[in-house]
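Visitor:
There are 2 protein chains.
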Amino acid sequence: MSGQRSWTAALVVIGDEILSGRTQDLNVAQVASWLNEQGIRLAEVRIVPDDIGRIAETVNALRRSHDYLFTTGGIGPTHDDITVDAMAAAFGVSTIIHPDARRILEDYYRDRPGGLTDARLRMARVPEGAELIPNPHSGAPGVKMGNVYILAGVPNIAANMLEALTGKLEGGRPVVSVTVGARAAESDVADLLRETEDSNPGVAIGSYPFFREGRYGANFVIRSEDGELARRTGDELSSRLREAGYEPVEGGI
Amino acid sequence: MSGQRSWTAALVVIGDEILSGRTQDLNVAQVASWLNEQGIRLAEVRIVPDDIGRIAETVNALRRSHDYLFTTGGIGPTHDDITVDAMAAAFGVSTIIHPDARRILEDYYRDRPGGLTDARLRMARVPEGAELIPNPHSGAPGVKMGNVYILAGVPNIAANMLEALTGKLEGGRPVVSVTVGARAAESDVADLLRETEDSNPGVAIGSYPFFREGRYGANFVIRSEDGELARRTGDELSSRLREAGYEPVEGGI
Chain V
1 MSGQRSWTAA LVVIGDEILS GRTQDLNVAQ VASWLNEQGI RLAEVRIVPD
51 DIGRIAETVN ALRRSHDYLF TTGGIGPTHD DITVDAMAAA FGVSTIIHPD
101 ARRILEDYYR DRPGGLTDAR LRMARVPEGA ELIPNPHSGA PGVKMGNVYI
151 LAGVPNIAAN MLEALTGKLE GGRPVVSVTV GARAAESDVA DLLRETEDSN
201 PGVAIGSYPF FREGRYGANF VIRSEDGELA RRTGDELSSR LREAGYEPVE
251 GGI
Chain D
1001 MSGQRSWTAA LVVIGDEILS GRTQDLNVAQ VASWLNEQGI RLAEVRIVPD
1051 DIGRIAETVN ALRRSHDYLF TTGGIGPTHD DITVDAMAAA FGVSTIIHPD
1101 ARRILEDYYR DRPGGLTDAR LRMARVPEGA ELIPNPHSGA PGVKMGNVYI
1151 LAGVPNIAAN MLEALTGKLE GGRPVVSVTV GARAAESDVA DLLRETEDSN
1201 PGVAIGSYPF FREGRYGANF VIRSEDGELA RRTGDELSSR LREAGYEPVE
1251 GGI
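Taken in sequence, the protein lines are chains V and D. The C-terminal position of the first sequence is numbered 253 in the numbering used here, with every residue numbered one higher than the one before it. The C-terminal position of the second sequence is numbered 1253 in the numbering used here, with every residue numbered one higher than the one before it.
#1: Taking the straight line between their C-alpha atoms, what separation do you get for V/VAL31 and D/LYS1168?
#2: Does any residue of chain D have a CB that is nearer than 8 Å to the CB of V/VAL154?
#3: What residue does the beta strand (DSSP E) around V/THR166 start on, and which one ends it?
#4: Just the chain V side, please: which residues come within less than 7 Å of D/ILE1018 by C-beta, in chain order?
#5: Count the other CB atoms, across all protein chains shown, that sit within 10 Å of the CB of D/ASP1198; report buried if there are 16 or more and exposed otherwise.
#6: Leaving aside the five residues before and after D/VAL1249 along the sequence, list all residues of the same chain whose C-beta is less than 6 Å from its C-beta, in chain order.
#7: Quick one: does D/ASN1060 have its CB under 8 Å from some CB of chain V?
#8: Write down the C-beta distance between V/VAL84 and V/PRO136 rounded to the nearest angstrom, noting that I regard them as a contact closer than 8 Å.
#9: Please list the terminal residues of the continuous beta strand (DSSP E) segment that includes D/ARG1223.
#10: Quick check on D/MET1001 - is its C-beta less than 8 Å from some C-beta in chain V?
#11: Do we get a CB-CB distance below 8 Å when we pair V/HIS79 with the residues of chain D?
#12: Threshold first: 4 residues or longer. Then list the alpha helix (DSSP H) segments lying entirely within the region 1 to 85 of chain V, N to C.
#13: Whole angstroms are fine: how far does the CA of D/TYR1149 sit from the CA of V/ARG41?
#14: What three-state label does DSSP hand D/ALA1152 in the structure shown?
#15: In or out: V/SER94 buried (at least 16 other Cβ within 10 Å) or exposed?
#16: Determine the chain D residues that contact V/ALA119 at a beta-carbon separation under 7 Å, and present them in chain order.
#17: Compare the C-beta of V/SER65 with all C-beta atoms of chain D and state if any pair is closer than 8 Å.
#18: Taking all protein chains shown into account, decide if D/SER1020 is buried (16 or more other Cβ within 10 angstroms of its Cβ) or exposed.
#19: Residues in its own chain within less than 8 Å of V/THR196 by CB, not counting five upstream and five downstream?
#20: Is any beta-carbon of chain V found at less than 8 Å from that of D/GLU1032?
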């Protein structure tokens, strides 16, 4: 932990459909979990509208303050898919048709009605200087530009692109989470939680209350890059809860 | 529309549990839908960690650039609930125990085991100068500080606080959405969509593809503050789709 470099990423979710409430975002949780497995901490997310200026400004603010920046959304074939244009604006370059992306799309659409139309060819556009992120299960690839990884908005297509990137990004140690649940109102165990966190430097303990089947409860999540420390702290918290009269539930409720 | 003032809000989601991927956020969609009903457009969302400095900085950036700022998360009784402290830091004021909040909590905990403990009293803390947002269904209220509305993170408690605010915020006309679906690959109708949008100034058309039961499809969402225009454009899009050989599905697929 101490002395070890820590790696961070930010995520920009691009989409009027998320900001209007029409579509429930699923990419934040998916990208967050994947990043954690790569030893990279998701430090910030911004959700912005389909607006080239706003996207470009946000990308430039975040790509400089984090090791990695991911974006989801806006890379399809229709007029509202403007992420590549925004990225070109952010980097001050033109957009070009990437020759490998054109070849992938030519192969993909060869036997499909209509073939590679102009609209479909839009999906081969990248900011000049970009590389492709392979999409193992469908045609259009993602795009990597500097430290920015441009993913699709449809969650299962974004998942395919993350799969292609697994193990390829430099990161540190994944954060280990240990969860202990109890049928306790969190206000009743607030002191106990604080004391447990204070006596174990290097861990953070989050308290997540719920009310289910007419009873209060909470899950306490102990997080640390030191897995052994996280587990030891979990055991200590379980003992303290038991002493206070609450039956701990390892793994959470 | 033209000449009419437009009202915007931003939302800050506070929570390590969202950024770690452990918890699926549900507040963005809920706050977005509610704001739209109030005639206020959600223009940006930021998700930030449980860090006083980061929260304060984000709040100060966004409360000045939008009519309203909402936050969710971090207002419970445990050590990781730091939103009120961050808000006080953002506004450069102290935190105090709000007398009305203390009274609400005294009533709420009077007949409950333990009564109003110090930990529970933490939920009566507000930045100096703040007002309360009533929480009709449980004890702890939300907090209003200037144009900032501080809501709970647990989605159904946040919903209660929004309910208490319904109709109380000044806003414009709600955006009307009309959805038309079709069993079409969006790349096949990209030109048709762009033409429909171009010939109807004042509408934005979003295209949201899916792949279900082995078939491609997409929903096209026409949005405008002018409900009549949105409906007329929906009819026009349906006609164009039918002419192109796709059966339109009013209301979406």
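Note that the Cβ used here is the ideal one computed from N, Cα and C, for glycine as well. Just so we're clear, the structure is a prediction, and the values are computed from it rather than from any experiment.
Guide: On the basis of the data shown:
#1: Taking the first sequence and counting its residues from 1, the one referred to as residue 31 of chain V is at position 31. Taking the second sequence and counting its residues from 1, the one referred to as residue 1168 of chain D is at position 168. Going from the Cα of V/VAL31 to the Cα of D/LYS1168 covers about 37 Å.
#2: Working through the first sequence from its first residue, we reach residue 154 of chain V at position 154. Answer yes: the Cβ-Cβ gap between V/VAL154 and chain D drops below 8 Å somewhere.
#3: Looking up residue 166 of chain V in the first sequence gives position 166. First-last for V/THR166: undefined, no H or E at that position.
#4: Position 18 of the second sequence holds residue 1018 of chain D. The contacting residues are VAL28.
#5: Working through the second sequence from its first residue, we reach residue 1198 of chain D at position 198. Burial call: exposed.
#6: Taking the second sequence and counting its residues from 1, the one referred to as residue 1249 of chain D is at position 249. The answer, listed in chain order, is GLY1181.
#7: Translated into positions along the second sequence, residue 1060 of chain D becomes position 60. It does not: the Cβ of D/ASN1060 has no partner Cβ on chain V nearer than 8 Å.
#8: For the purposes of this step, residue 84 of chain V is taken as the residue at position 84 of the first sequence. For the purposes of this step, residue 136 of chain V is taken as the residue at position 136 of the first sequence. The pair is not a contact, with the Cβ atoms about 21 Å apart (cut-off 8 Å).
#9: In the second sequence, the residue the question calls residue 1223 of chain D occupies position 223. D/ARG1223 -> beta strand (DSSP E) spans 1215 to 1224.
#10: The residue you call residue 1001 of chain D lines up with position 1 of the second sequence. Per-residue confidence for D/MET1001 stands at a pLDDT of 42, beneath the threshold of 50, marking its modelled position as unreliable; no derived number is given.
#11: Working through the first sequence from its first residue, we reach residue 79 of chain V at position 79. Closer than 8 Å: yes.
#12: 16 to 19, 27 to 37, 52 to 65
#13: Here the question's residue 41 of chain V lines up with position 41 in the first sequence. Here the question's residue 1149 of chain D lines up with position 149 in the second sequence. Near 28 Å, if we compare the C-alpha coordinates of D/TYR1149 and V/ARG41.
#14: Taking the first residue of the second sequence as position 1, residue 1152 of chain D is located at position 152. In this structure, D/ALA1152 counts as coil in the three-state DSSP scheme.
#15: As a first step, residue 94 of chain V is located in the first sequence; it is residue number 94 there, counting from the start. Exposed: under 16 other Cβ atoms inside 10 Å.
#16: Within the first sequence, the letter at position 119 stands for residue 119 of chain V. By Cβ distance, chain D contributes SER1187, ALA1190, ASP1191.
#17: The residue labelled residue 65 of chain V in the question sits at position 65 within the first sequence. Cβ-Cβ to chain D under 8 Å: no for V/SER65.
#18: By 1-based counting over the second sequence, the position of residue 1020 of chain D is 20. Buried, since its Cβ has 16 or more Cβ neighbours within 10 Å.
#19: Taking the first sequence and counting its residues from 1, the one referred to as residue 196 of chain V is at position 196. Closer than 8 Å at the Cβ level, and outside the excluded window around V/THR196, lie ILE205, THR233, GLU236, LEU237, ARG240.
#20: Here residue 1032 of chain D refers to the residue found at position 32 of the second sequence. The displayed chain sequence assigns Ala, not Glu, to residue 1032 of chain D. Answer yes: the Cβ-Cβ gap between D/ALA1032 and chain V drops below 8 Å somewhere.
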